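Residue numbers for the sequence shown follow this note's numbering, beginning at 1 and rising by one.
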Amino acid sequence: MSNSRSELMKARRFLPLFLTQFFGALNDNLFKNALLVMIVSASIAGATNVNTVVNLAAGLFILPFFLFSALAGQLADKHEKSLIIRRIKLAEILIMLLGAAAFWFGTLWLLLAVLFLMGAQSAFFGPVKYAILPQHLGEDELLAGNARVGMGTFVAILVGTIAGSLLGGTASAHWLVGAVVICVAVTGWYSSRQIPLAEARAPSLRIDWNTPRISWQLIRLATGKRSVFLAILGISWFWMLGASYLTQMPNFTITVLRGTPGVIALILSAFTVGVAVGAMFCGRLSGARVEIGLVPLGAIGLSLFGIDLYFAAIGYVAESPVDVPGFILRIDGLRVLLDIALLGLFGGLYIVPLYAMVQARTDSQLRARIIGSNNILNAFFMVLASVLGIVFLGVAGFRIEELFLVLALMNVAVAVFIFLQVPEFTMRFLVWLIGHSLYRVKHRGLELIPLKGPAILVCNHVSYVDALLLAGAVRRPVRFIMYKPIYELPVLNFIFRTGGAIPICSKSQDPEAYQRAMETIDEALKKGQLLCLFPEGKLTADGEIDTFKNGLERILARNPVPVVPMALQGLWKSFFSRSHGGAFRTPFRPGWRQVAVVAGTPIPPESASAGRLQAEVTALRGENK
Numbered sequence: 001m002s003n004s005r006s007e008l009m010k011a012r013r014f015l016p017l018f019l020t021q022f023f024g025a026l027n028d029n030l031f032k033n034a035l036l037v038m039i040v041s042a043s044i045a046g047a048t049n050v051n052t053v054v055n056l057a058a059g060l061f062i063l064p065f066f067l068f069s070a071l072a073g074q075l076a077d078k079h080e081k082s083l084i085i086r087r088i089k090l091a092e093i094l095i096m097l098l099g100a101a102a103f104w105f106g107t108l109w110l111l112l113a114v115l116f117l118m119g120a121q122s123a124f125f126g127p128v129k130y131a132i133l134p135q136h137l138g139e140d141e142l143l144a145g146n147a148r149v150g151m152g153t154f155v156a157i158l159v160g161t162i163a164g165s166l167l168g169g170t171a172s173a174h175w176l177v178g179a180v181v182i183c184v185a186v187t188g189w190y191s192s193r194q195i196p197l198a199e200a201r202a203p204s205l206r207i208d209w210n211t212p213r214i215s216w217q218l219i220r221l222a223t224g225k226r227s228v229f230l231a232i233l234g235i236s237w238f239w240m241l242g243a244s245y246l247t248q249m250p251n252f253t254i255t256v257l258r259g260t261p262g263v264i265a266l267i268l269s270a271f272t273v274g275v276a277v278g279a280m281f282c283g284r285l286s287g288a289r290v291e292i293g294l295v296p297l298g299a300i301g302l303s304l305f306g307i308d309l310y311f312a313a314i315g316y317v318a319e320s321p322v323d324v325p326g327f328i329l330r331i332d333g334l335r336v337l338l339d340i341a342l343l344g345l346f347g348g349l350y351i352v353p354l355y356a357m358v359q360a361r362t363d364s365q366l367r368a369r370i371i372g373s374n375n376i377l378n379a380f381f382m383v384l385a386s387v388l389g390i391v392f393l394g395v396a397g398f399r400i401e402e403l404f405l406v407l408a409l410m411n412v413a414v415a416v417f418i419f420l421q422v423p424e425f426t427m428r429f430l431v432w433l434i435g436h437s438l439y440r441v442k443h444r445g446l447e448l449i450p451l452k453g454p455a456i457l458v459c460n461h462v463s464y465v466d467a468l469l470l471a472g473a474v475r476r477p478v479r480f481i482m483y484k485p486i487y488e489l490p491v492l493n494f495i496f497r498t499g500g501a502i503p504i505c506s507k508s509q510d511p512e513a514y515q516r517a518m519e520t521i522d523e524a525l526k527k528g529q530l531l532c533l534f535p536e537g538k539l540t541a542d543g544e545i546d547t548f549k550n551g552l553e554r555i556l557a558r559n560p561v562p563v564v565p566m567a568l569q570g571l572w573k574s575f576f577s578r579s580h581g582g583a584f585r586t587p588f589r590p591g592w593r594q595v596a597v598v599a600g601t602p603i604p605p606e607s608a609s610a611g612r613l614q615a616e617v618t619a620l621r622g623e624n625k
């Protein structure tokens, strides 16, 4: 590929697809939000129960993603993709013409049918969009291309949300919205005509039109790896929460907050921007990798600010309609706005690591189908959000703010269930919390640690939190070989056990425990896992590195694997070290002390003697104890 990534937006093989996706997402959100605002403001006749109609509309838009995602994926593999896109965008023009007529005549049932058809064309476009990018972009451009498509989609959602909310609240909405969506659809179709050809990857594929069967097969495929499937369920739960909040916001703003259409746009934008900011913070808070330990943090925030939104709403009183300036100037209005923005922010912290977990822990040959099953379950849960809205608001007679409280409490229950099923989330959260609150941690040389295959890390042992700091720094999961009494310490035992630590003691102390540990080590290394050992066998009492024991040499004799020397710097005289005669005697100053995790070049097993490793670790630590 001749174009650099910086010039990707100018390239014909990318820009037309980018614009086509942008205008499609813009139209979806413009039409949907305009319709919701018009239903809530009673400018469209026929909505006898507003809550029921609003939730029905949201469900009808999402339902096609559940029904047609599996079929759309097959068609994208079988046929030339640019042709499929052009036909989809042509169908969008026809659908928008029908939508304009429905807006003009104010026919509610026809508008709902158009909303379903819009969801259908978007459901067919999604798989083609993701399948065509690798055919038009080089491997070094693919990440940048996906990032630009994602950001463009976010901007389109934001613009469509604001524009739809504002246009739906105007006196001329019945003809103005129809005219705008037709123009946007035509623009998207024109962009699609410039997309280069992308040949079919599986032209001989036999299409299975039994979409329930194909969808079920994809979901069963996803259940093959428990942690991945539970991550998918967590993602789907978030989309149910998000769909519930976004669907109810127009009605909530008008009936509870007494806000104008401008306030609707402000609140929806706050949530959307919050999600984007949370996603951006993930990279900053994670360091070199996306950290799944942020998932519990996101879940906590979703529940806390969901509960606070309920209390903010019941304390909000407005005697007359409130416009944007009036809403912002109210203390209770700012509280509501902040709650909604923080719901989005913590939602971003919650969802991004889960997506990364699914991608990273899925075999490359299965990844597309696993993501397909994720899309199906996402759509199912979003349809479920509409059903819950109808049941709670339409049947049970709940107020909208009470529904928000129910959702927040349900999130607590779902989060506890997932974290109990996959304790790694909780363990990683505690590791992340320690690494980002107790100390300022620097990393050097960690790229030298093999990304795959069996290996053993050896490190100096300075404090009671050494293992947690190492676990938080190393990109791969690490199983620690640790002294049995340390392994059994209260509280820390949960973390070590969850992380798969291997307790060991001397053969003379407990022959059976020693033998079990050696057998577990053998099994772990045969599986290609990464182990870590503190060869000193105890915490340093004076800050110096003690003599390395020969236990590592016995392990290597049974399992000849590379050994990576590592060092911890700056932990001596910290709260968790044994300086001043014992641990926990140094004044505790969270976040004040700067420490470093340093890795050296891997040493072949035949050269990894205890003496050489001690010298390597000592050199890595240097004078910074």
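We put the beta carbon where it would ideally sit given N, CA and C, even for glycine.
Here the structure is a predicted model, which is why all the values come from computation and not from measurement.
- In the structure shown, the three-state DSSP call for glutamine 515 is helix.
- The way I'd put it, the segment 81-96 does touch the segment 113-126; three or more beta-carbon pairs between them come closer than 8 Å.
- Around the beta carbon of glycine 242, a 10 Å sphere encloses 16 or more other beta carbons of the protein chains shown; the residue is thus reported as buried.
- With 16 or more other Cβ atoms from the protein chains shown falling within 10 Å of its own Cβ, proline 535 counts as buried.
- A straight-line Cα-Cα distance of about 11 Å links phenylalanine 480 and glutamine 529.
- Short of 6 Å from the beta carbon of aspartate 308, and not among the five residues preceding or following it, lie these beta carbons of its own chain, in chain order: Asp339.
- By the CB criterion at 8 Å, phenylalanine 66 and isoleucine 376 fall inside the cutoff.
- Contiguous alpha helix (DSSP H) elements confined to the segment 171-248 occur at 173-192 and 211-222, taking only those with 4 or more residues.
- Taking the Cα of leucine 257 as reference, the smallest distance to any Cα among Gly347, Val322, Phe311 and Ala270 is reached at Val322.
- For arginine 226, the closest alpha carbon among the candidates Leu420, Ile84 and Lys526 is that of Leu420.
- Within the DSSP secondary-structure output, proline 503 pairs in a beta bridge with Met482.
- Nearest Cα to valine 159 within the set Phe22, Ala101, Leu294 and Leu60: Phe22.
- Residues Ala123, Gly126, Pro127, Ser215, Gly372, Asn375, Ile376 and Ala379 of the same chain have their beta carbon placed closer than 8 Å to that of serine 69, with the five preceding and five following residues left out of the count.
- Beta-carbon to beta-carbon, alanine 596 and arginine 444 are separated by about 6 Å, close enough to satisfy the 8 Å threshold.
- Rounded to the nearest whole angstrom, the C-alpha separation of aspartate 522 and valine 491 is 28 Å.
- The three-state secondary structure of alanine 596, taken from DSSP, is strand.
- The Cβ atoms of phenylalanine 116 and phenylalanine 61 lie closer than 8 Å to each other.
- Comparing alpha carbon positions, the residue from Leu354, Val598, Leu110 and Thr247 closest to glutamine 569 is Val598.
- Of the candidates Ala467, Val383, Ser508 and Ala473, the residue whose Cα lies closest to the Cα of glycine 500 is Ala467.
- Taking all protein chains in view, the Cβ of threonine 362 is crowded by 16 or more other Cβ atoms within 10 Å, so the residue is classified as buried.
- In the DSSP secondary-structure assignment, proline 565 is bridged to Val458.
- In this structure the segment 71-87 does not lie against the segment 391-398, because fewer than three pairs of beta carbons, one per stretch, are closer than 8 Å.
- Straight-line spacing of the CA atoms in valine 416 and glycine 234 works out to 11 Å.
- With respect to the C-alpha of isoleucine 182, the residue from Leu112, Ala100, Leu19 and Thr247 having the closest C-alpha is Ala100.
- When the alpha-carbon of phenylalanine 575 is set against those of Ala171, Pro261, Phe14 and Tyr439, the nearest one is in Tyr439.
- Taking a cut-off of 8 Å for Cβ pairs, the segment 448-465 and the segment 501-509 do not touch, as fewer than three such pairs fall below it.
- Separation of valine 295 and threonine 520 (C-alpha to C-alpha, rounded to the nearest whole angstrom) is 30 Å.
- Within the segment 377-446, the runs of alpha helix (DSSP H) at least 4 residues long that lie entirely inside it are, in chain order, 400-421 and 424-437.
- Secondary structure of isoleucine 545 (DSSP, three-state): coil.
- The beta carbons of lysine 484 and alanine 524 sit no closer together than 8 Å.
- Threonine 426 and asparagine 411 have their C-alpha atoms some 16 Å from each other.
- Valine 563 has its alpha-carbon roughly 41 Å from the corresponding atom of glycine 301.
- The segment 9-43 is shown to contain whole alpha helix (DSSP H) runs of 4 or more residues at 15-40, in chain order.
- Secondary structure note for leucine 530: its beta strand (DSSP E) is the uninterrupted segment 530-533.
- With respect to the C-alpha of glutamate 488, the residue from Gln135, Pro602, Phe311 and Tyr464 having the closest C-alpha is Tyr464.
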